[in-house]
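The next block holds one structure in the form of structure tokens; read it before the comments.
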Amino acid sequence: MSGHGDPIPMKSRKGGPLAGVAEVPGDKSISHRALILGALSVGRTEITGLLEGQDVLDTAKAMRAFGATVTRHGPGEWSVEGVGVGGFAEPADVIDCGNSGTGVRLIMGCMASSPISATFTGDASLRKRPMGRVTDPLALFGARAYGRAGGRLPMTIVGAAEPVPVSYTTPMASAQVKSAVLLAGLNAPGQTVVIEKVPTRDHTERMLKGFGAEITVEATPEGNRITLQGQPELTAQRVAVPRDPSSAAFPVCAALLVPGSDILVPGVSQNPTRNGLFLTLRDMGADIEFLNPREEGGEPVADLRVRYSELTGIDVAPERASSQIDEYPVLSVVAACARGTTVMRGVHELRVKESDRIDAMARGLEACGVRVEEDDDTLIVHGMGPGGVPGGATCATHIDHRIAMSFLILGLAAQAPIAVDDGSPIATSFPVFEELMAGLGAVIERG
């Protein structure tokens, strides 16, 4: 069973201006999907720019367990010899997905419509996260799930011997749920339909189309209606993974908060279902330029030029939540350094991420001297203006990579250093975080 290694305490403090080029890693969401769809295809899929964080490495290991040949050829360069839709073999051992909710939920989906069984587990954080949101719709295909009380890992999925197509309306805005249903629909006859009331990241739909699936997306009064024709033969592809906007958020926000900073973050995905943070920051007065817009690997990308800015708190539209759901922790840090109040509504989904991110950020910000209000679906941060956050606290990360990085960014702009109790989870999504930030001039230390 997956565990969690020794904690790595870390601390950040004020230094000089940040400058240089921040080459953030490949997009985590797209990296997961490239490995999974490569495994479900016929032929050899070649991937460049793959994120080599632990979450993605765990997905690569899982695809090997289901029978695909997954090979690393060099930094970010991987290949997958697929087994085709319906070709998964039954794994010989437990599938350990570490810290990755995306990995486990998508993998459950792509094996749920095959006549095999698999047992899934993860680290202490992942074992607390709800899986019923995925196993409920997978049951409609004929799959069965046996897990801990409350639909928690460890969990065994018994795939459907005779899957049926499904029409499903997602009850929450979740790309993971949508994607799990679509991946299960690949091995079901006929058409599988997913209706999502609020658009979520569309990497699965884009990539399925790129691999040769027959899939359509139609805007209807009920929301996006996504229709997938089952039992296609997916064809291996070359996938160039763009740089991750969720990782780019950290150097971007750091540059906005540290006086005199001026950095370039090249090749960042600008998928409209993922770029909400950058639009919100500009609404707050951020000096962000989108340079050299182009398309890479079927995804829109741009180079971001970011300069220090004095920001103002705003009411963040709840409709923007799905396009920046992973960025609210670092946005709350920016809000703490802005003038005035920032209100973030429609963020209940943060309660069931790697940690309860609303609670984690609220308690940490309070420890740093920032006034915060919250309810089940709202986070309100009363900004203290540039340089106004006292800092000086040690913040709990709750085995959550984004909580750890967010408070380390705040420490770069606070009056006194800010420590986190454990920075080890950062490796799950941003293994070069320390090196990259140091290269820009940030002072982040271990111990």
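Residue 431 in full-length UniProt numbering is what sits at position 431 of the sequence shown, and the numbering runs on without skipping anything. Beta carbons: idealized from backbone N, C-alpha and C, even for Gly.
Legend entry - G364 versus D96: straight-line alpha-carbon distance, rounded: The residue you call residue 364 lines up with position 364 of the sequence shown. The residue you call residue 96 lines up with position 96 of the sequence shown. Taking the straight line from one Cα to the other gives about 30 angstroms.
Legend entry - Counterpart residues of P300 in DSSP-defined beta bridges: What you label residue 300 is simply residue 300 of the sequence shown in a count that begins at 1. Bridge partners of P300: E295.
Inset, instruction - Examine the Cβ distances between the region 230-246 and the region 40-59 and report whether three or more of them are shorter than 8 angstroms. - result: yes
Inset, instruction - Give the range of the alpha helix (DSSP H) segment to which K178 is assigned. - result: Sequence index remark: in the sequence shown, residue 178 carries index 178 (1-based). Its alpha helix (DSSP H) spans residues 175-185.
Legend entry - Length of the line joining the Cα atoms of I215 and L228: Residue mapping note: residue 215 aligns to position 215 of the sequence shown, counting from 1. Residue mapping note: residue 228 aligns to position 228 of the sequence shown, counting from 1. Rounded to the nearest angstrom, the two C-alpha atoms are 4 angstroms apart.
Legend entry - Extent of the continuous beta strand (DSSP E) run through E310: Start at 1 with the first residue of the sequence shown, and residue 310 comes out as number 310. It is not in any beta strand (DSSP E) - E310 carries neither H nor E in the DSSP assignment.
Inset, instruction - Give the C-beta separation of A68 and E81 to the nearest angstrom, bearing in mind that I take them to be a contact with Cβ-Cβ under 8 angstroms. - result: As a working note, residue 68 is residue 68 in the sequence shown. As a working note, residue 81 is residue 81 in the sequence shown. Sure, about 6 angstroms apart at Cβ, within 8 angstroms.
Legend entry - T59 to A317 span [Cα, whole Å]: Taking the first residue of the sequence shown as position 1, residue 59 is located at position 59. Taking the first residue of the sequence shown as position 1, residue 317 is located at position 317. One C-alpha to the other measures close to 34 angstroms.
Inset, instruction - Keeping to the same chain, check which residues put their C-beta closer than 6 angstroms to that of M437; ignore five residues upstream and five downstream. - result: Along the sequence shown, read from residue 1 onward, the residue named residue 437 stands at position 437. So the qualifying residues of the chain are I444.
Legend entry - Simplified DSSP state of S322, which is helix, strand or coil: As a first step, residue 322 must be located in the sequence shown, where it is residue number 322. Three-state result, S322: helix.
Inset, instruction - Could you tell me the distance, in whole angstroms, from the CA atom of E435 to the CA atom of L140? - result: Residue mapping note: residue 435 aligns to position 435 of the sequence shown, counting from 1. Residue mapping note: residue 140 aligns to position 140 of the sequence shown, counting from 1. Straight-line Cα distance between these residues: approximately 46 angstroms.
Legend entry - Sufficient close CB pairs (3 or more, under 8 angstroms) joining the region 196-205 to the region 170-180: yes
Legend entry - 6 angstroms CB neighbourhood of G385 in its chain, flanking five on each side removed: On the sequence shown, residue 385 is found 385 positions in, with the first residue counted as 1. Here the set comprises R339.
Inset, instruction - Please list, in chain order, all residues of the same chain as T235 whose beta carbon is under 7 angstroms from its beta carbon, the five residues on each side excluded. - result: As a working mapping, residue 235 is identified with position 235 in the sequence shown. Once the five neighbours on either side are set aside, the close Cβ partners of T235 are S41, V42, G43, F211, G212.
Inset, instruction - Might you give, ordered along the chain, the residues of its own chain that have their beta carbon closer than 8 angstroms to the beta carbon of G20, omitting 5 neighbours on each side? - result: Counting from 1 along the sequence shown, the entry for residue 20 is found at position 20. I263, L264, G439, L440, G441, listed in sequence order.
Inset, instruction - Return the bridge partner residues of A118 from the DSSP annotation. - result: Residue numbering aside, residue 118 sits at position 118 when the sequence shown is read from its first letter. I157.
Inset, instruction - Check the C-beta distance from S100 over to D55 and give it rounded, since I have them as a contact under 8 angstroms. - result: For the purposes of this step, residue 100 is taken as residue 100 along the sequence shown, with counting starting at 1. For the purposes of this step, residue 55 is taken as residue 55 along the sequence shown, with counting starting at 1. Between D55 and S100 the Cβ distance is about 4 angstroms, and since that is below 8 angstroms, they are a contact.
Legend entry - Residue span of the alpha helix (DSSP H) that contains V194, given as start and end: The residue labelled residue 194 in the question sits at position 194 within the sequence shown. No alpha helix (DSSP H) contains V194, which is instead part of the beta strand (DSSP E) from 191-196.
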